[in-house]
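Step one of this worksheet: look at the structure below.
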Amino acid sequence: MSLFTALRFSRSASSVTSPQPDTSKPPVSLPLRWLLQPSRSAVLFALRNTVASLLALMIALWMELDSPAWAAMTVWAVAQPTRGESQSKAKWRIIGTFFGAIASIAIMGTAPQAPWLFFPMIAIWIGVCSGLATFFSNFRAYALVLAGYTCSIICMDAASDPNHVFIIAVSRTSYITLGVLCEAFVALIFAASQEQHAREQIRQKIQSALILVTQTLGSILGEDRGALNAARRQFGTLLQINDQIEFAEVEMGPHGHEGDHARAALASVSALLSRSFGMAMRLQLLHHEHEDFSLAADEVLVFLNDFPKRLADQNAIPDLLAELQHLRDVCHQYAAPHDDNSIIKAPKSPLRDDATLDERVLFISLGDVMGDLERAIAEYEASTHSIPGDHFHFHRETHLDPKDALSNGLRGALAVVLTALIYEVTAWPNGLGFIAITTLVCGLFATTENPALGTMKFLKGALAAAAVAWVLTFILIPRATTSEILLLVLAPAMFACGLAKANPSTAGGAGAYGLLLPAMINPQNHHILDEIAFYNNTTGIMMSVIVSVLVFRTILPFNPTDERLRLRLTMLSELRALATLSHTPSRDTWIGRNTDRFARLIRHVGPTHTELVEAYIMGTLTTLTLGLNIIRLRTLLDREFLPESARRPIQLTLHYIEHSTRHHDKAARIAETAVRRLRVLTPLESDFATRLDLTKAIAYLVVVAHSLRTTRAFLDSTQLFMGEKTRRQLAQPSEISSKSKRAE
2 MSLFTALRFS
12 RSASSVTSPQ
22 PDTSKPPVSL
32 PLRWLLQPSR
42 SAVLFALRNT
52 VASLLALMIA
62 LWMELDSPAW
72 AAMTVWAVAQ
82 PTRGESQSKA
92 KWRIIGTFFG
102 AIASIAIMGT
112 APQAPWLFFP
122 MIAIWIGVCS
132 GLATFFSNFR
142 AYALVLAGYT
152 CSIICMDAAS
162 DPNHVFIIAV
172 SRTSYITLGV
182 LCEAFVALIF
192 AASQEQHARE
202 QIRQKIQSAL
212 ILVTQTLGSI
222 LGEDRGALNA
232 ARRQFGTLLQ
242 INDQIEFAEV
252 EMGPHGHEGD
262 HARAALASVS
272 ALLSRSFGMA
282 MRLQLLHHEH
292 EDFSLAADEV
302 LVFLNDFPKR
312 LADQNAIPDL
322 LAELQHLRDV
332 CHQYAAPHDD
342 NSIIKAPKSP
352 LRDDATLDER
362 VLFISLGDVM
372 GDLERAIAEY
382 EASTHSIPGD
392 HFHFHRETHL
402 DPKDALSNGL
412 RGALAVVLTA
422 LIYEVTAWPN
432 GLGFIAITTL
442 VCGLFATTEN
452 PALGTMKFLK
462 GALAAAAVAW
472 VLTFILIPRA
482 TTSEILLLVL
492 APAMFACGLA
502 KANPSTAGGA
512 GAYGLLLPAM
522 INPQNHHILD
532 EIAFYNNTTG
542 IMMSVIVSVL
552 VFRTILPFNP
562 TDERLRLRLT
572 MLSELRALAT
582 LSHTPSRDTW
592 IGRNTDRFAR
602 LIRHVGPTHT
612 ELVEAYIMGT
622 LTTLTLGLNI
632 IRLRTLLDRE
642 FLPESARRPI
652 QLTLHYIEHS
662 TRHHDKAARI
672 AETAVRRLRV
682 LTPLESDFAT
692 RLDLTKAIAY
702 LVVVAHSLRT
712 TRAFLDSTQL
722 FMGEKTRRQL
732 AQPSEISSKS
742 KRAE
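Using our numbering, the first residue of the sequence shown is number 2, and each one after it goes up by one.
Following this line, the structure appears as structure tokens:
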């Protein structure tokens, strides 16, 4: 107690004012507010991309390219809210276009006059690209689907004249490159202090993640019942921040390993969230009304309350790390004191010994939490500047779903076969363009986790593009006698697209609008579309969108229930692998994959959460925590301090976890027996390091045993999971609880 008392008086505890309730009325949402009252950032985004698209179109017209609309389409295809996203997408778009062009030449050369060999080859290429894209994140997936539909577009253009496929491929690549260069050039003019802004963006995002997790930890130590709900909502936020770090790295240009340190900091934050969940379990299961621990919790709460304003000061980071190190050392000293009177004195009461050991277990848990927070802050500090000679690398593992990949590939391939069949049967003059645009839209849908959510927005955007294209083609464009006037006519329609794309609720439809509008009006140097050409062209594009929507909503449609089942079975398989003594577990891999799965569950449940979904979410969080505690037990076994009498119960527990697929009751009983065995061994151990590891093992086994008990239905991989009252069970002490022992 003296150590924490000294710490209390070593620095003044700042008073924390509670937030005042917001009594102001919520702002009234006006119809079309994104268009009538846009924000400054939305106006700049729209202006930047309007100028870039019109510049690309003007250059394409000046060069008298055969399809100048594709240059403007490319600008809107790569236009993203931030410069890093735009630059990343532009780079991968060029790469995807290049490989698609090579594939088109190969396929056309293989089957130039054999349509029922030609179309299946296109279908297989589209299917392979769409399926592989499922295994990649961000715009790397976009590059793969782009390679697929670029090949299709070039092949359809060259189908009537196969001898010129190379020229057409070069031409298509030129459009894409022109659009990318125009977007990059105009964005460079608008960008100011891009590198400094990117570094500041990374710093602020990691700061926000650290503040969120410390607030959650403070709520848990304060025994706030809503803390766990707040904790689980943060996993999706962490993944969003992780993706944004990649784009900020692009904006930074030549840089060190700041992004790797930032991703490592986020991984530590995820581990800290899971550690906090385990801490909440122990606080509910173990006796924690101890003077020393209460004082320690108060000191930590003071530290956490002061943390946000201290983190903002970069010069205060060394002091934060030093204080965390001191808190962690003190917690470990209380967990296994060098001078323990209970070792040489006969215990007065078994219940008192249990309470004392409970306190030490809680001190171990609190010290581990401080250690995770210390690592997260250290990685954050390393991400704020370039370190000479730094060779640190960090890669976040993600969940890979072969079923999703197969479904995406089959849908893309079947879309090509279906549209090719329609073309062959009807001999529609616009049939080849119909096939090409269908593959384009299907490719865009293939990059989304749940295509059904975006298909209707895309269809609405296409309808809006058709309506605006009609007005432009028949009323405004005929009045344009020069290319300059043509650009002035198109500017308002393009600017509205930018405003809509900058608005999250309309961004999906705006993507379709900006992509398809240039193709529908198809501006040329020497002629304008007549009625027949316009209706044929627009009908073909709209038919392509409708067919794509039908394919993705009817053929192997995305099913959240099936996805939850696959996520659960994969997670349980990896959980059993963690307990395999011949396998070396990776904490970062387990955290990365399951954080991704957790975020998928949150994203795909829709606007309402059913009781079953809530049970899935809680089961996933509990399994994540269970796996981390298994990894920590494996780490203790790899050390040499545990005696054989303690190692055997732990190994037996891991053995039953590894081989339990149906009922985990026996594994839970073995874990509880191991806790009781280690409770007996710990007071008898005189070596400091051994006693510390024994206390850690108890802390981890407490969570393992309770998790096996409370989530036994979720952990049963042989049965469908229909839900279990996880929250109610979490609040009930298990057989290992010392409270139950005292009640008996």
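Glycine included, C-beta positions come from ideal geometry on N, C-alpha and C.
Keep in mind it's a predicted model, so treat the numbers as computed, not measured.
Problem set entry | DSSP three-state assignment for P27, whether helix, strand or coil | Confidence at P27 is low in this model, with a pLDDT of 44, below 50, so the placement of that residue should be treated as unreliable; the coordinate-derived value is given next. DSSP places P27 in coil when its eight states are reduced to three.
For this session: Keeping to the same chain, check which residues put their C-beta closer than 6 Å to that of E250; ignore five residues upstream and five downstream.
Result: Excluding the 5 residues flanking it on each side, E250 has same chain C-beta neighbours closer than 6 Å at G260, in chain order.
For this session: Measure the C-alpha to C-alpha separation of S408 and T562 and round it to an integer number of angstroms.
Result: Looking at the two C-alpha atoms, the distance is approximately 15 Å.
Exercise. Out of curiosity, what's the CA-to-CA distance linking D330 and L363?
Worked result: 14 Å
Exercise. For I760 versus V676, is the C-beta spacing smaller than 8 Å?
Worked result: With the chain represented from 2 up to 745, any question about residue 760 goes unanswered, as that position is not in the structure.
Exercise. What three-state label does DSSP hand M122 in the structure shown?
Worked result: helix
Exercise. Quick one: any contact between the stretch 489-503 and the stretch 435-447, if contact means 3 or more CB pairs under 8 Å?
Worked result: no
Exercise. Closest by CA to S708, which one among L66, Y150, F278 and P493?
Worked result: F278
Exercise. Looking at the structure shown, is L582 part of a helix, part of a strand, or coil, going by DSSP?
Worked result: Here L582 sits in coil by DSSP.
Exercise. If you run the structure through DSSP and keep just helix, strand and coil, what is N538?
Worked result: helix
Exercise. Nearest-angstrom Cα distance between I651 and A672?
Worked result: 7 Å
For this session: Leaving out five residues on either side along the sequence, give the residues of the same chain with a beta carbon under 6 Å from the beta carbon of L56.
Result: C183
Problem set entry | Where the alpha helix (DSSP H) through T596 begins and ends | R588 to H605
Exercise. Taking all protein chains shown into account, do 16 or more other C-beta atoms lie within 10 angstroms of the C-beta of A223, making it buried, or fewer, making it exposed?
Worked result: The residue asked about is misnamed: residue 223 is Gly in this sequence, not Ala. Exposed, since its Cβ has fewer than 16 Cβ neighbours within 10 Å.
Exercise. Under three-state DSSP, which class holds L218?
Worked result: L218: helix per DSSP, three-state reduction.
Problem set entry | Boundaries of the alpha helix (DSSP H) in which L530 is found, first to last residue | Neither: L530 is in no alpha helix (DSSP H) and is coded neither H nor E.
Exercise. Does DSSP classify T711 as helix, strand or coil?
Worked result: helix
Problem set entry | Minimum length 4: unbroken alpha helix (DSSP H) runs contained in the stretch 236-322 | Within the stretch 236-322, the complete alpha helix (DSSP H) runs of at least 4 residues are 259-286 and 292-312.
For this session: For I388, count neighbouring Cβ atoms within 10 angstroms of its own Cβ and tell me buried if that reaches 16, exposed if not.
Result: exposed
For this session: If I'm right that I753 touches L321 with Cβ under 8 Å, what's the distance once you round it to whole angstroms?
Result: With the chain covering only 2 through 745, there is no way to say anything about residue 753.
Problem set entry | Sequence-distant residues of the same chain with beta carbon closer than 7 Å to K404, five excluded per side | Excluding the 5 residues flanking it on each side, K404 has same chain C-beta neighbours closer than 7 Å at R567, in chain order.
For this session: Inspect the CB distances between the stretch 97-117 and the stretch 168-180 and report whether three or more fall short of 8 Å.
Result: When C-beta atoms of the stretch 97-117 are compared with those of the stretch 168-180, three or more pairs fall below 8 Å, so the two segments count as touching.
Exercise. Hey, would you say H396 sits closer than 8 Å to R601, going by beta carbons?
Worked result: no
Problem set entry | Supposed contact pair S549 and V442 - C-beta distance, whole angstroms, cut 8 Å | 4 Å
For this session: Give me the Cα-Cα distance between A580 and L273, rounded to the nearest whole angstrom.
Result: Distance from the CA of A580 to the CA of L273, rounded to the nearest whole angstrom, comes to 21 Å.
Exercise. Of the choices T439, F304 and I60, whose alpha-carbon is the least far from that of E375?
Worked result: When C-alpha distances from E375 are compared across T439, F304 and I60, the shortest belongs to F304.
Problem set entry | As assigned by DSSP and simplified to three states, the class of H660 | helix
Exercise. Where does E382 fall in DSSP's three states?
Worked result: Note: E382 maps to helix in three-state DSSP.
Exercise. Just how far apart, CA to CA, sit L433 and E86?
Worked result: 32 Å
Exercise. Where does T83 fall in DSSP's three states?
Worked result: coil
Problem set entry | Cα-Cα separation, K349 to V705 | Low confidence applies to K349: its pLDDT is 43, below 50, so where it sits in the model is not reliable, and the reading given next is rough at best. The straight-line gap from Cα to Cα measures roughly 30 Å.
For this session: Look up T611 in the DSSP assignment and say whether it is helix, strand or coil.
Result: coil
Exercise. From M619 to I154, what does the alpha carbon distance come to, in whole angstroms?
Worked result: 46 Å
For this session: Check whether the Cβ of G434 lies closer than 7 Å to any heavy atom of the ligand FMN, and answer yes or no.
Result: You won't find the ligand FMN in this model; it holds no ligand whatsoever.
Problem set entry | Backbone secondary structure at H165 - three-state DSSP | helix
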